[in-house]
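Q: Structure below; questions to follow.
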């Protein structure tokens, strides 16, 4: 069995060093190098190929009440990873296996592979490894879950998706199109909007940067949703969500997946909260990890679509662990285009 | 068969004369007198005993999009009534019957009694006539529906009710207590709060007037809800609702029944909108008239409780049709105590 000495002696890690006051900054992170420990029974050493960067990580950086435990200070930042087994003390995992897990912001992880949900082997025969962090991973399942379980779109209805070019939004829209809906995206900038309509196949996409005031945004939305809005998949929150509320039809369903607009603590001015009552809206937040029972069904549909070339996705790839903090802050500001990844090794 | 001449020649009516700009005012209404027409086949003449005043009427006064048609200008204001049949050209209704309907802000109404849901006969043997506009009427069913269909409280959970001393809120709390919940009301003023705890039997009641800033309100709420909030029955909206969001437990359910705070067009500053995601809240608006299928079940439970003296309610009664506009504006400002009625005749 290989030992750490013949593979690599050092694991590079990014540690949460301090909590943000207001906006997150690169100063909240610090790089650390650590020797890779010997494997105990049942443990697996994984060399990470890709690290996933996701908006939920911003919430974990705060000390306050959130849906999950806060990320501990002085510890490796949490994060999804796809990697290759370098050494194994576990019968189910072999050296060379491609594995998906929660390895965190580091080049390697030592995983207790028996712990449920920690590590699963995936096939890269028809699906690229990186897709298991995107369309066929947590973001894809998030899209599937919010759309099918909360928005519950019916053929002919109109579904609006915010952050439409992102890892989640892009999947939401394509799944809704496949269900016969009119799909309208909201994204930042001409290039992203063109991608959303021309490549992803949404019926329309509204550039929120070109419609910076809510009146202008409402006008653009009205033109794009002549029959109103029956479902909203909300990744952003704040004034954009508020504006969409004003276009809802009676009994519209709103899946709240992300509220990036509020992660830095700014209040949401709700001009259209009365729509909750006027249109008997259902607004529901959800966390993809709480319905593990639905993952197999979701991953089945998503994997089949990606393998068959019927689900398009795009990636923004930063290179090297050191680039992760900057790439993460860019993600929070919408600088990425599609799924934001960090490539850690080949 | 009696004719109009032997009963009364004049029907007094209150007409919506103009739409409010900002807050509603008595100037939006005008009094009109009209001869009572002869009854056609299938029609019934009702002399109103009580007119119900309800917050939803404020929404109808606006021209804008609402869940129902706007109240037409120049027409009698809409409103629930309980009255006595004075003359009848319909086989199912006899002179002297007590009937509940939507007679509007007028002393009499001529009703096409065959139209579904327009008029139903009720018994005053064990339930006072006025209760059919409150605890055993639309407000009671509203309470029952929001609580049982959206809040879905389980024994041991904590339910918060805003406008707790009102016609709806008082019933919500008593029904939730009967289901084994800890029930906390929010109401305006010491007298109302004392009524909510001492007479209605809520576990606690918070005086929002004595806790005018959200920090103080949050502190009082925290003390009253040591285990957090699992269900919220929301009659008010605005900063009070926002503050309660900050005390929610994961998977709390919020029934949005009324948003009085927004009826005059002020935006809702949502400081705690992020809780929708953090706690995977379900927030749902509803309109009691859209689930007529549930009314029999609700009225059955409510009627039994009132007849058995197990459901307490309180009424504020203004006298004479002319007093309706002032009483209605008082209701919007929380000046009433319990169900606001206008007594029109004995």
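Protein chains in written order, with the numbering used here: chain A, -7 to 338; chain B, -7 to 338.
We put the beta carbon where it would ideally sit given N, CA and C, even for glycine.
The structure displayed is predicted, hence computed values, not measured ones.
Going by C-alpha distance, which of A:305, A:121, A:27 and A:276 is nearest residue 160 (chain A)?
A: Here the question's residue 160 (chain A) lines up with position 168 in the first chain. The option with the nearest alpha carbon to residue 160 (chain A) is A:305.
Q: Could you confirm whether any beta carbon from chain B is found closer than 8 Å to the beta carbon of residue 325 (chain A)?
A: On the first chain, position 333 is the one that residue 325 (chain A) refers to. No, its Cβ sits nowhere closer than 8 Å to a Cβ of chain B.
Q: Can you give me the Cβ contacts of residue 210 (chain B) inside the same chain, cut-off strictly under 7 Å, excluding the 5 residues immediately before and after it?
A: Taking the first residue of the second chain as 1, we reach residue 210 (chain B) at position 218. Taken in chain order, the residues that qualify are 235 and 238.
Q: Put residue 113 (chain A) into one of helix, strand or coil per three-state DSSP.
A: One-based indexing of the first chain puts residue 113 (chain A) at position 121. Three-state DSSP puts residue 113 (chain A) in a strand.
Q: Just list the residues that DSSP pairs residue 307 (chain B) with in beta bridges.
A: What you label residue 307 (chain B) is simply residue 315 of the second chain in a count that begins at 1. Paired residue(s): B:331.
Q: Contact between the stretch 94 to 101 of chain A and the stretch 113 to 121 of chain A is defined here as three or more beta-carbon pairs at a separation below 8 Å; is this criterion met?
A: They do not touch, by the three-pair rule.
Q: Among the candidates A:124, A:137 and A:47, whose CA atom is the shortest distance from the CA of residue 284 (chain A)?
A: For this step, residue 284 (chain A) is matched to residue 292 along the first chain. For the residues A:124, A:137 and A:47, the minimum Cα distance to residue 284 (chain A) belongs to A:137.
Q: Determine the contact status of residue 36 (chain A) and residue 77 (chain A), defining contact as a CB-CB distance below 8 Å.
A: Residue mapping note: residue 36 (chain A) aligns to position 44 of the first chain, counting from 1. Residue mapping note: residue 77 (chain A) aligns to position 85 of the first chain, counting from 1. Contact: yes.
Q: Report, in whole angstroms, the separation of the C-beta atoms of residue 73 (chain B) and residue 280 (chain B), which I expect to be a contact under 8 Å.
A: If you number the second chain from 1, residue 73 (chain B) lands on position 81. If you number the second chain from 1, residue 280 (chain B) lands on position 288. So it is not a contact: roughly 17 Å between Cβ atoms.
Q: Taking the straight line between their C-alpha atoms, what separation do you get for residue 149 (chain A) and residue 315 (chain A)?
A: Residue 149 (chain A) sits at position 157 when you count from the first residue of the first chain. Residue 315 (chain A) sits at position 323 when you count from the first residue of the first chain. Roughly 42 Å between the two C-alpha positions.
Q: Alpha carbon to alpha carbon, how far is residue 243 (chain A) from residue 248 (chain B)?
A: Counting from one through the first chain, the residue named residue 243 (chain A) turns up at place 251. Counting from one through the second chain, the residue named residue 248 (chain B) turns up at place 256. When rounded, the distance between both Cα atoms is 13 Å.
Q: With DSSP as the reference, label residue 298 (chain B) as helix, strand or coil.
A: Here residue 298 (chain B) corresponds to residue number 306 of the second chain, with the count starting at 1. Three-state result, residue 298 (chain B): helix.
Q: Which runs of the beta strand (DSSP E) fall wholly inside the stretch 165 to 218 of chain A and span at least 3 residues, in chain order?
A: Here the runs fully enclosed are 174 to 179 and 196 to 199.
Q: Closer than 9 Å by beta-carbon distance: list the chain B residues that pair up with residue 276 (chain A), in chain order.
A: Residue 276 (chain A) sits at position 284 when you count from the first residue of the first chain. Result: 268, 272, 273, 274, 275 and 276.
Q: Output, in chain order, the set of chain B residues within a Cβ distance shorter than 9 Å of residue 76 (chain A).
A: The count along the first chain starts at 1 and reaches residue 76 (chain A) at position 84. By Cβ distance, chain B contributes nothing, its closest Cβ being about 34 Å from residue 76 (chain A), past 9 Å.
Q: Suppose you measure from the CA of residue 216 (chain B) to the CA of residue 250 (chain B); what does that come to, to the nearest Å?
A: Against the second chain, residue 216 (chain B) aligns to sequence position 224. Against the second chain, residue 250 (chain B) aligns to sequence position 258. Cα-Cα distance, rounded: 23 Å.
Q: Can you pull the chain B residues whose beta carbon is under 7 Å from the beta carbon of residue 248 (chain A), in chain order?
A: Within the first chain, the letter at position 256 stands for residue 248 (chain A). Those within 7 Å of residue 248 (chain A) in chain B are 268 and 269.
Q: Leaving out the 5 sequence neighbours to the left and right, which residues in its chain are closer than 7 Å to residue 24 (chain B) when beta-carbon positions are compared?
A: If you number the second chain from 1, residue 24 (chain B) lands on position 32. Cβ neighbours of residue 24 (chain B) beyond the five flanking positions: 5 and 7.
Q: Just the chain A side, please: which residues come within less than 9 Å of residue 70 (chain B) by C-beta, in chain order?
A: Translated into positions along the second chain, residue 70 (chain B) becomes position 78. In chain order: nothing, as chain A lies at least about 17 Å away.
Q: Look at the alpha carbon of residue 129 (chain A) and the alpha carbon of residue 45 (chain A), and state the distance between them as a whole number of angstroms.
A: Along the first chain, one-based indexing puts residue 129 (chain A) at 137. Along the first chain, one-based indexing puts residue 45 (chain A) at 53. In a straight line, the C-alpha of residue 129 (chain A) is about 12 Å away from that of residue 45 (chain A).
Q: Would DSSP call residue -5 (chain A) helix, strand or coil?
A: The count along the first chain starts at 1 and reaches residue -5 (chain A) at position 3. Note on residue -5 (chain A): pLDDT 48, under 50, position unreliable in the model; no value is reported.
Q: Based on DSSP bridge pairs, tell me the residues matched to residue 100 (chain A).
A: Your numbering for residue 100 (chain A) matches position 108 in the first chain. Answer is A:39, bridged to residue 100 (chain A).
Q: Exposed or buried, residue 162 (chain A), counting other C-beta atoms within 10 Å across all chains shown (16 or more means buried)?
A: Counted from its first residue, the first chain places residue 162 (chain A) at position 170. Flag for residue 162 (chain A) reads buried.
Q: Residue 154 (chain A) and residue 232 (chain A) look like a contact to me (Cβ under 8 Å); what is the Cβ gap, rounded to whole Å?
A: For this step, residue 154 (chain A) is matched to residue 162 along the first chain. For this step, residue 232 (chain A) is matched to residue 240 along the first chain. Rounded, the Cβ-Cβ distance is 6 Å, consistent with contact.
Q: With a CB to CB cut of under 8 Å and the five nearest residues on each side skipped, what residues in its chain are close to residue 278 (chain A)?
A: One-based indexing of the first chain puts residue 278 (chain A) at position 286. So the qualifying residues of the chain are 137, 138, 141, 142, 247, 248 and 249.
Q: Looking at C-alpha atoms only, which residue of A:120, A:181 and A:27 is the closest neighbour of residue 201 (chain A)?
A: Residue mapping note: residue 201 (chain A) aligns to position 209 of the first chain, counting from 1. If we check each option's Cα against that of residue 201 (chain A), A:181 comes out closest.
Q: In chain B, which residues lie less than 7 Å from residue 279 (chain A) when you measure between Cβ atoms?
A: As a working note, residue 279 (chain A) is residue 287 in the first chain. Residues of chain B passing the Cβ test: 272.
Q: How would you label residue 331 (chain A), buried or exposed, when you count the other beta carbons within 10 angstroms and need 16 or more for buried?
A: Here residue 331 (chain A) refers to the residue found at position 339 of the first chain. Flag for residue 331 (chain A) reads buried.
Q: Hey, does residue 229 (chain B) have any beta-carbon neighbour from chain A nearer than 8 Å?
A: Here the question's residue 229 (chain B) lines up with position 237 in the second chain. Closer than 8 Å to some Cβ of chain A, the Cβ of residue 229 (chain B) qualifies, so yes.
Q: Measuring only the C-alpha atoms, how far is residue 38 (chain B) from residue 85 (chain B)?
A: Working through the second chain from its first residue, we reach residue 38 (chain B) at position 46. Working through the second chain from its first residue, we reach residue 85 (chain B) at position 93. For residue 38 (chain B) and residue 85 (chain B), the distance between alpha carbons rounds to 10 Å.
Q: Assign residue 147 (chain B) to one of two classes, buried (16 or more other C-beta atoms within 10 Å of its C-beta) or exposed (fewer than that).
A: Numbered from 1 along the second chain, position 155 holds the residue referred to as residue 147 (chain B). With fewer than 16 other Cβ atoms within 10 Å, it is exposed.
Q: Rounded to the nearest angstrom, what separates residue -4 (chain A) and residue 32 (chain A) at their Cα positions?
A: Looking up residue -4 (chain A) in the first chain gives position 4. Looking up residue 32 (chain A) in the first chain gives position 40. Below a pLDDT of 50, predicted positions are generally treated as unreliable, and residue -4 (chain A), at 45, falls in that range; no measurement from the model is reported.
Q: Is the separation between the beta-carbon of residue 294 (chain A) and that of residue 127 (chain A) shorter than 8 Å?
A: The count along the first chain starts at 1 and reaches residue 294 (chain A) at position 302. The count along the first chain starts at 1 and reaches residue 127 (chain A) at position 135. Contact flag set, yes.
Q: Where does residue 21 (chain A) sit, in a helix, a strand or coil, going by DSSP?
A: On the first chain, position 29 is the one that residue 21 (chain A) refers to. Strand.
Q: Using only alpha-carbon positions, find the residue among A:106, A:300, A:186 and A:164 that is nearest to residue 120 (chain A).
A: As a first step, residue 120 (chain A) is located in the first chain; it is residue number 128 there, counting from the start. Selected option, being the one with the closest Cα: A:300.
Q: Out of B:302, B:42 and B:21, state which residue places its alpha-carbon closest to the alpha-carbon of residue 310 (chain B).
A: Numbered from 1 along the second chain, position 318 holds the residue referred to as residue 310 (chain B). For the residues B:302, B:42 and B:21, the minimum Cα distance to residue 310 (chain B) belongs to B:42.
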